[in-house]
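Numbering (this note's numbering), first residue to last: 4 to 158.
Ideal Cβ placement from N, Cα and C applies to all residues, glycine included.
Computed from a prediction, not measured in an experiment: that's the story for all the values here.
The next block holds one structure in the form of structure tokens; read it before the comments.
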């Protein structure tokens with residue numbers, strides 16, 4: 004046994020079906036750490052959530068799901084603004100790299116659940132995105148200082 008799940012697509016689809024079917028059981032406050040009991044529907048003893056979006060709802064209800072999706076939308080908007088507001092290729096490349104990584108993560112969240120150290124890395128990644136617009140303002144401030152010092156040295 005390698006431990007690799009080779010039949011993830013049918014399980015993922017069944018988990019989505021279970022989440023939709025039992026929406027009335029979890030939408031208000033989630034399952035509060037309890038097993039939702041969907042494992043039996045896919046031939047397992049316990050539920051193995053394989054979708055980050057469903058996990059956000061199951062843990063915290065519909066508000067947890069909305070907040071999780073909202074954070075992702077704000078992160079994408081921040082990176083688009085960063086890319087469009089910068090005229091420097093290095094900043095545009097930085098925004099593009101973070102944005103493409105975030106989009107890849109958003110797609111993979113449909114088939115994986117992050118937890119433990121990976122969750123911490125994800126929050127660090129979101130912090131990098133949130134602080135990235137400061138790089139432009141710091142760089143602009145640095146350029147103004149260099150320009151004024153250079154102008155003073157010429158006169």
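Asked                                                                                                                 : Found
Close-in-space but distant-in-sequence residues of the same chain around residue 3 (CB under 7 Å, 5 per side omitted) : Here the chain covers residues 4 to 158 and nothing more, so residue 3 does not appear.
Every unbroken alpha helix (DSSP H) within the stretch 26–94, with a cutoff of 4 residues, ordered by chain           : 26–29, 55–88
Proximity to residue 67 [Cα-Cα], best of 122, 29, 25                                                                  : 29
Contact the stretch 78–88 vs the stretch 96–103: 3+ CB pairs below 8 Å                                                : yes
Proximity of residue 34 and residue 61 at Cβ, strictly below 7 Å                                                      : yes
Range of the contiguous alpha helix (DSSP H) that encloses residue 133                                                : 120–134
Neighbourhood of residue 22 by C-beta, 6 Å cutoff - its chain only, sequence neighbours within 5 removed              : 57
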